[in-house]
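Asks: Would you mind keeping the following structure in view while I ask a few things?
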Amino acid sequence: MRQEIEALEENQTWTIETLPKGKKAIGSKWVYKLKFHADGTLERYKARLVVLGNNQIEGENFNETFAPVAKMTSIRSFLQVAVSRNWEIHQMDVHNAFLHGDLEEEVYMRLPSGFRGSNKSKVCRLRKSLYGLRQAPRCWFAKLSTALKEYGFTQSISDYSLFTKETSSSRLHVLVYVDDLIISGSSLAVISEFKEYLSSCFHMKDLGILIYFLGLEVARSPTGIYLSQRKYVLDILTETGMLMAKPLAFPMDQNHRLALADRPTIDDPTAYRRLVGRFIYLGVTRPDLAYSVHILSQFMEAPKQAHWDAALRVVWYLKGTPGQGILLRSDSPLSLIAWCDSDHGGCPRTRRSLTGWFIQLGQSPISWKTQKQRVVSLSSAEAEYRCLSETVKEILWLKELLLDLGVTHTGPIPVYCDSLAAIHLAANPVFHERTKHIEKNCHFIRDEIVQGTIVTHHVPTQNQLADIFTKALGRKEFTSFLGKKTEVAEMKSLHDGDGNQVVFEKTEKTMCGGSGWTLHLAAPALPQRSSVAEPSSSGRIKTAETTTVVVSGGGSIGCEATEIEAARRR
Numbered sequence: 002m003r004q005e006i007e008a009l010e011e012n013q014t015w016t017i018e019t020l021p022k023g024k025k026a027i028g029s030k031w032v033y034k035l036k037f038h039a040d041g042t043l044e045r046y047k048a049r050l051v052v053l054g055n056n057q058i059e060g061e062n063f064n065e066t067f068a069p070v071a072k073m074t075s076i077r078s079f080l081q082v083a084v085s086r087n088w089e090i091h092q093m094d095v096h097n098a099f100l101h102g103d104l105e106e107e108v109y110m111r112l113p114s115g116f117r118g119s120n121k122s123k124v125c126r127l128r129k130s131l132y133g134l135r136q137a138p139r140c141w142f143a144k145l146s147t148a149l150k151e152y153g154f155t156q157s158i159s160d161y162s163l164f165t166k167e168t169s170s171s172r173l174h175v176l177v178y179v180d181d182l183i184i185s186g187s188s189l190a191v192i193s194e195f196k197e198y199l200s201s202c203f204h205m206k207d208l209g210i211l212i213y214f215l216g217l218e219v220a221r222s223p224t225g226i227y228l229s230q231r232k233y234v235l236d237i238l239t240e241t242g243m244l245m246a247k248p249l250a251f252p253m254d255q256n257h258r259l260a261l262a263d264r265p266t267i268d269d270p271t272a273y274r275r276l277v278g279r280f281i282y283l284g285v286t287r288p289d290l291a292y293s294v295h296i297l298s299q300f301m302e303a304p305k306q307a308h309w310d311a312a313l314r315v316v317w318y319l320k321g322t323p324g325q326g327i328l329l330r331s332d333s334p335l336s337l338i339a340w341c342d343s344d345h346g347g348c349p350r351t352r353r354s355l356t357g358w359f360i361q362l363g364q365s366p367i368s369w370k371t372q373k374q375r376v377v378s379l380s381s382a383e384a385e386y387r388c389l390s391e392t393v394k395e396i397l398w399l400k401e402l403l404l405d406l407g408v409t410h411t412g413p414i415p416v417y418c419d420s421l422a423a424i425h426l427a428a429n430p431v432f433h434e435r436t437k438h439i440e441k442n443c444h445f446i447r448d449e450i451v452q453g454t455i456v457t458h459h460v461p462t463q464n465q466l467a468d469i470f471t472k473a474l475g476r477k478e479f480t481s482f483l484g485k486k487t488e489v490a491e492m493k494s495l496h497d498g499d500g501n502q503v504v505f506e507k508t509e510k511t512m513c514g515g516s517g518w519t520l521h522l523a524a525p526a527l528p529q530r531s532s533v534a535e536p537s538s539s540g541r542i543k544t545a546e547t548t549t550v551v552v553s554g555g556g557s558i559g560c561e562a563t564e565i566e567a568a569r570r571r
């Protein structure tokens with residue numbers, strides 16, 4: 002608490018004044034937090050003085066509040082471009098970031114607890130933003146943006162959190178997520194020079210090479226960058242008491258009817274919401290969870306017992322795949338490839354169809370989504386056409402984002418669809434009687450085809466990589482899907498996010514039916530145990546003594562057996 006007050010006073014965050022007549026001072030409180038390392042060990046204790054911004058009045062002591070943060074797709078694209086160019090990726094953190102923002106509004110705060118004087122009319126007039134103020138994030142981002150632009154950066158229109166600087170001999174990229182910055186550039190000298198500039202503007206903490214960012218564990222090798230959330234999964238297993246549970250081979254029952262569940266609402270809906278919220282963030286590195294999370298998130302208001310059971314099933318699936326993530330390959334060409342698929346009237350209540358897309362940058366997955374269509378489609382061709390339209394929107398945005406990162410597309414971007422009718426409809430105004438009601442904005446895809454922005458290709462349903470985003474697959478289909486995306490990677494070693502080396506050895510067969518890698522944790526005191534995952538007829542995985550890692554989707558990689566953490570504890 003003393004350090005926090007000293008930092009605030011050193012920053013000249015406030016001045017002590019008499020409260021003017023007609024003005025109202027808002028209160029404050031202390032918030033205590035524990036900050037952890039990537040391996041879960043305690044880093045330090047934190048105490049923050051927070052303004053009770055919920056008492057602010059719009060138009061009186063705050064106006065605009067919006068502040069952008071980096072999109073997760075932007076983060077994956079940023080990392081893929083950097084690793085493909087063999088650039089170093091660094092990370093910096095801003096100490097007390099919100100305290101740097103200049104406050105334009107007139108805001109008064111009562112003296113913090115423990116610092117009251119005898120004169121009760123004395124208050125703090127805030128000169129700079131403070132945690133808890135509604136406008137604090139906006140003030141900080143404006144301050145940081147100004148500093149970056151003064152250094153010569155250009156702000157991206159595609160993602161306002163992305164800044165790029167290009168000279169005749171160098172290029173530098175910065176991605177901002179509140180007070181965390183990812184920095185990548187064409188040379189270490191360019192990065193180091195920029196770090197010095199930032200340190201002269203703000204109180205910065207240089208975190209060096211990127212290894213842990215927003216809960217994402219980052220491991221880099223000559224093969225590429227491996228993103229996972231193993232610690233996050235283990236936290237979920239601990240909170241739900243499922244560390245010792247038997248794992249399942251697939252996350253959701255193939256014949257579920259969750260939308261029609263009518264059993265009583267569970268006693269603690271908050272627990273369900275918290276768990277599904279965890280799943281949503283886990284989806285940043287787990288495209289295999291997209292469909293399950295989409296379904297479960299529809300019942301947040303009044304979850305039934307069937308919904309809770311389905312959520313626990315996902316936890317059991319995670320028990321068998323705690324370290325699974327995505328691999329951004331260093332040899333991946335920087336060209337977009339898209340896959341899109343749709344069901345027809347899949348929702349039993351609304352009969353609205355489900356759109357799913359999967360977009361790769363070369364061999365690496367960077368964007369995927371499962372979402373319900375806005376209106377009911379009258380045919381499967383219409384549903385696929387609407388899905389194709391949404392996918393092209395994402396492609397156009399990604400193309401502009403990559404252009405800001407220095408990546409240009411000279412030819413049309415391939416889009417793979419398993420509906421010939423939708424492909425014909427995109428190329429020509431055919432099937433008039435069955436499609437005349439479709440909104441005009443869906444037909445923009447025809448212009449993009451004519452202009453050569455995209456080109457559509459037909460792919461058989463059994464080879465459609467977006468199939469997993471539109472339906473629940475059974476064990477055989479789910480593992481077959483992963484097997485279709487499996488490819489051998491020349492991966493020698495990575496670290497596991499805790500600084501321990503992870504060594505991979507090639508295996509002949511994986512659970513997904515392709516070549517895989519046996520994983521060993523090269524920590525000094527760790528007994529080397531491994532296990533091979535064998536799916537049983539019930540769908541549960543029987544784990545023996547090996548951990549199999551599957552490199553899938555040209556990019557995803559996952560531990561398909563007992564987690565490293567259990568071995569470390571032994």
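Quick note on my numbering: the sequence shown kicks off at 2 and runs consecutively. Even glycine gets a Cβ: it sits at the ideal position worked out from N, Cα and C.
1. Buried or exposed: D419, going by 16 or more other Cβ atoms within 10 Å of its Cβ?
2. Compare the beta carbon distance of S187 and V177 with 8 Å and say whether it is the shorter of the two.
3. Give the secondary structure of C418 by DSSP, where H, G and I count as helix, E and B as strand, and everything else as coil.
4. By the DSSP assignment, the beta strand (DSSP E) with C125 in it spans what residues?
5. Candidates F251, R275, T286 and V82: which alpha carbon is nearest Y227's?
6. Quick one: is N97 buried, meaning 16 or more other Cβ sit within 10 Å of its Cβ, or exposed?
7. In this structure, does DSSP put M2 in helix, strand or coil?
8. In terms of residue numbering, what span does the alpha helix (DSSP H) encompassing L313 cover?
9. Rounded to the nearest angstrom, how far is the Cβ of I183 from that of Q92, given a contact under 8 Å?
10. Helix, strand or coil for K507? Go by DSSP, reduced to three states.
11. Counting pairs of beta carbons, one from the stretch 329-340 and one from the stretch 389-405, are three or more of them closer than 8 Å?
12. If we count Cβ pairs, one from each stretch, closer than 8 Å, do we get three or more for the stretch 256-275 versus the stretch 215-235?
13. Per DSSP, E218 forms a beta bridge with which residues?
14. List the DSSP bridge partners of M243.
15. Going by Cα to Cα distance, which pick from L319, G357, V175 and S381 is closest to D468?
16. Mind checking whether E647 and A423 have CB atoms under 8 Å apart?
17. Classify K144: buried if its beta carbon has 16 or more other beta carbons within 10 angstroms, exposed otherwise.
18. Starting from Y46, trace the alpha helix (DSSP H) in both directions and tell me its first and last residue.
19. Give the single residue among S170, G363 and Q136 whose Cα lies nearest to the Cα of L53.
20. Hey, P366 and P288 are a contact pair by Cβ (cut 8 Å); roughly how many whole angstroms apart?
21. Which residues in the same chain as F479 place their Cβ atom closer than 6 Å to its Cβ, once the five residues preceding and following it in sequence are excluded?
22. In terms of DSSP beta bridges, what is R350 paired with?
23. One question on the structure: do A291 and K370 come within less than 8 Å of each other, judged by their Cβ atoms?
24. Following the continuous alpha helix (DSSP H) through C202, name the residue where it begins and the one where it ends.
25. Could you tell me which of D180, E197 and K129 sits nearest to Y152, measuring between CA atoms?
26. Could you spell out the range, first to last residue, of the alpha helix (DSSP H) harbouring G278?
27. Quick one: grab the DSSP three-state call for K477.
28. Quick check on L421: buried or exposed, where buried means 16 or more other Cβ atoms within 10 Å of its Cβ?
29. Would you call the stretch 232-251 and the stretch 301-319 in contact, with 3 or more CB pairs under 8 Å?
30. Measuring only the C-alpha atoms, how far is F154 from T168?
31. Would you kindly report the start and end of the unbroken alpha helix (DSSP H) that includes V577?
32. Check each candidate in M301, L283 and Y282 and name the one with the smallest Cα separation from R274.
33. Who are G186's beta bridge partners in DSSP?
34. Given this structure, state the Cα-to-Cα distance separating K166 from R128, to the nearest angstrom.
35. Please tell me whether A307 and L297 are closer than 8 Å, where the distance is taken between their beta carbons.
36. Given this structure, state the Cα-to-Cα distance separating H204 from K305, to the nearest angstrom.
Replies: Looking at the coordinates:
1. Translated into positions along the sequence shown, residue 419 becomes position 418. Note on D419: 16 or more other CB atoms within 10 angstroms of its CB, so buried under the neighbour-count rule.
2. Numbered from 1 along the sequence shown, position 186 holds the residue referred to as residue 187. Numbered from 1 along the sequence shown, position 176 holds the residue referred to as residue 177. Taking 8 Å as the Cβ cut-off, S187 and V177 do not qualify as a contacting pair.
3. Along the sequence shown, read from residue 1 onward, the residue named residue 418 stands at position 417. DSSP places C418 in strand when its eight states are reduced to three.
4. As a working mapping, residue 125 is identified with position 124 in the sequence shown. From DSSP, the beta strand (DSSP E) with C125 extends over K123 to K129.
5. The count along the sequence shown starts at 1 and reaches residue 227 at position 226. Y227 has its Cα closest to that of T286, out of F251, R275, T286 and V82.
6. Residue mapping note: residue 97 aligns to position 96 of the sequence shown, counting from 1. Residue environment: N97 is assigned as buried (16 or more neighbouring CB atoms within 10 Å of its CB, all protein chains considered).
7. The residue given as residue 2 occupies position 1 in the sequence shown. When DSSP states are grouped into helix, strand and coil, M2 belongs to the coil group.
8. In the sequence shown, counting from the first residue as 1, residue 313 sits at position 312. Per DSSP, L313 belongs to the alpha helix (DSSP H) from Q306 to G321.
9. Translated into positions along the sequence shown, residue 183 becomes position 182. Translated into positions along the sequence shown, residue 92 becomes position 91. A Cβ-Cβ separation of about 6 Å places I183 in contact with Q92 under the 8 Å criterion.
10. Numbered from 1 along the sequence shown, position 506 holds the residue referred to as residue 507. For K507, the predicted model reports a pLDDT of 37, less than 50, meaning its position is unreliable and no value from the coordinates is stated.
11. Yes, the stretch 329-340 touches the stretch 389-405.
12. The stretch 256-275 vs the stretch 215-235: no contact.
13. Translated into positions along the sequence shown, residue 218 becomes position 217. Paired residues: Y213 and S229.
14. Start at 1 with the first residue of the sequence shown, and residue 243 comes out as number 242. Beta-bridge partners of M243 (DSSP): none assigned.
15. The count along the sequence shown starts at 1 and reaches residue 468 at position 467. Closest by alpha carbon: G357.
16. For the chain, the structure presents residues 2 to 571; residue 647 sits outside this window and is missing.
17. Sequence index remark: in the sequence shown, residue 144 carries index 143 (1-based). With 16 or more other Cβ atoms within 10 Å, it is buried.
18. Working through the sequence shown from its first residue, we reach residue 46 at position 45. Premise fails: Y46 lies in the beta strand (DSSP E), L43 to V52, not in any alpha helix (DSSP H).
19. As a first step, residue 53 is located in the sequence shown; it is residue number 52 there, counting from the start. Answer by Cα proximity: Q136.
20. Position 365 of the sequence shown, counting from 1, holds the residue named residue 366. Position 287 of the sequence shown, counting from 1, holds the residue named residue 288. Taking C-beta atoms under 8 Å as the contact rule, P366 and P288 qualify, at a distance of about 6 Å.
21. If you number the sequence shown from 1, residue 479 lands on position 478. Correct list, in chain order: F251.
22. Residue numbering aside, residue 350 sits at position 349 when the sequence shown is read from its first letter. For R350, which the question treats as bridged, DSSP gives no partner whatsoever.
23. Within the sequence shown, the letter at position 290 stands for residue 291. Within the sequence shown, the letter at position 369 stands for residue 370. In this structure, A291 places its C-beta atom within 8 Å of the C-beta atom of K370.
24. Counting from one through the sequence shown, the residue named residue 202 turns up at place 201. Unbroken alpha helix (DSSP H) run through C202: L189 to C202.
25. For the purposes of this step, residue 152 is identified with residue 151 of the sequence shown, where counting begins at 1. Of D180, E197 and K129, the smallest CA-CA separation from Y152 is found for E197.
26. Translated into positions along the sequence shown, residue 278 becomes position 277. Here the alpha helix (DSSP H) through G278 covers P270 to L283.
27. Counting from 1 along the sequence shown, the entry for residue 477 is found at position 476. Note: K477 maps to helix in three-state DSSP.
28. Taking the sequence shown and counting its residues from 1, the one referred to as residue 421 is at position 420. Exposed.
29. The stretch 232-251, when compared against the stretch 301-319, does touch it at the 8 Å Cβ threshold.
30. Within the sequence shown, the letter at position 153 stands for residue 154. Within the sequence shown, the letter at position 167 stands for residue 168. Cα-Cα distance, rounded: 10 Å.
31. Outside the displayed span of the chain (2 to 571) sits residue 577, for which this structure offers no information.
32. For this step, residue 274 is matched to residue 273 along the sequence shown. Checked all of M301, L283 and Y282; the closest Cα to R274 is M301.
33. In the sequence shown, counting from the first residue as 1, residue 186 sits at position 185. Per DSSP, the beta bridge partners of G186 are E89 and L173.
34. As a working mapping, residue 166 is identified with position 165 in the sequence shown. As a working mapping, residue 128 is identified with position 127 in the sequence shown. Approximately 32 Å, taken between the alpha carbons.
35. Looking up residue 307 in the sequence shown gives position 306. Looking up residue 297 in the sequence shown gives position 296. The answer is no: Cβ separation not under 8 Å.
36. Here residue 204 refers to the residue found at position 203 of the sequence shown. Here residue 305 refers to the residue found at position 304 of the sequence shown. When rounded, the distance between both Cα atoms is 49 Å.
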